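Chains as they are written, first to last, in this note's numbering: chain H, 174 to 286; chain E, 27 to 143. Contents: one structure, followed by commentary.
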């Protein structure tokens, strides 16, 4: 079956540091890939997405590129802020799934001033 | 746009009672909604797919008689945890998308924290 693996957390960074959160996936077909963010006490919000190989999703300074050859969708940001502290989830949706998501385990990010 | 509202946000009740959680799409219609369960510091696990006007599709290992899902209209799905016990305590989250399809992003409710005493 489909699966998503994220790097182990938690990740702790200083403000303005570079962020990478690794994500790899296993899927039978050609999935769409997503990053969702969950701020403390809130539901999930879409951060960015990519629907085909070599697509780059970007939003709020975050980027991720759909790499079919390495089955990866790593999340990056050049300069993190305290307000980026949250839990980040990588997820995929298969073509026949009508939108249901398979999530990675989530990565807790804490950014210190 | 694309707001999904969940109610209640937090509920505490005694063991043996039934609890109903509502998921509403406020500004769009959703023929399909999804229900997830999230344990502390863990990921979201899909419980079931809620289909308007028909029976829900449950994931393997999820008791359909325990977790009753009703999707009676295009804007409302409900999850009822019947005869709840402490092991049912968890964070329940619903989602819906404006259009169906794998490439369409899901819009999530803020979740319902259920605590069974």
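Quick reminder that beta carbons are idealized off the backbone N, C-alpha and C, glycines included. All of these numbers come straight from a predicted model, not from anything done at the bench.
Checklist entry - With distances taken between CB atoms, is the gap from residue 242/H to residue 202/H smaller than 7 Å? => result Position 69 of the first chain holds residue 242/H. Position 29 of the first chain holds residue 202/H. Not closer than 7 Å, so no.
Checklist entry - Hey, is residue 48/E close to the ligand ATP, as in C-beta under 6 Å from one of its heavy atoms? => result The ligand ATP is not part of the structure shown, which contains no ligands of any sort.
Item to check | Counterpart residues of residue 176/H in DSSP-defined beta bridges | outcome: Taking the first chain and counting its residues from 1, one reaches residue 176/H at position 3. Answer is 199/H, bridged to residue 176/H.
Checklist entry - If you follow the beta strand (DSSP E) that residue 62/E is part of, which residue opens it and which one closes it? => result As a position in the second chain, residue 62/E is number 36, starting the count at 1. Per DSSP, residue 62/E belongs to the beta strand (DSSP E) from 58-64.
Item to check | Chain-order list of residues whose beta-carbon lies under 8 Å from that of residue 70/E (same chain, five-residue window excluded) | outcome: Taking the first residue of the second chain as 1, we reach residue 70/E at position 44. Result list for residue 70/E: 62, 63, 64, 119, in chain order.
Item to check | Burial state of residue 261/H (16 or more Cβ within 10 Å) | outcome: Working through the first chain from its first residue, we reach residue 261/H at position 88. The residue is buried, with at least 16 neighbouring Cβ atoms inside 10 Å.
Checklist entry - Mind checking residue 257/H: buried by the 16 CB within 10 Å criterion, or exposed? => result As a position in the first chain, residue 257/H is number 84, starting the count at 1. It counts as buried.
Item to check | residue 273/H: contacting residues in chain E (beta-carbon distance under 8 Å) | outcome: Reading the first chain from its first residue, position 100 is the one you call residue 273/H. Those are 60, 72, 75, listed as they occur along chain E.
Checklist entry - Is it true that the CB of residue 215/H sits closer than 7 Å to the CB of residue 53/E? => result Along the second chain, read from residue 1 onward, the residue named residue 53/E stands at position 27. Along the first chain, read from residue 1 onward, the residue named residue 215/H stands at position 42. Cβ atoms of residue 53/E and residue 215/H: not closer than 7 Å.
Checklist entry - In terms of residue numbering, what span does the beta strand (DSSP E) encompassing residue 218/H cover? => result Walking along the first chain from the start, residue 218/H turns up at place 45. The continuous beta strand (DSSP E) containing residue 218/H extends over residues 217-223.
Next on the checklist: Using a 10 Å radius around the Cβ and a threshold of 16 neighbouring Cβ atoms, would you call residue 198/H buried or exposed?
Outcome noted: Position 25 of the first chain holds residue 198/H. So residue 198/H counts as buried.
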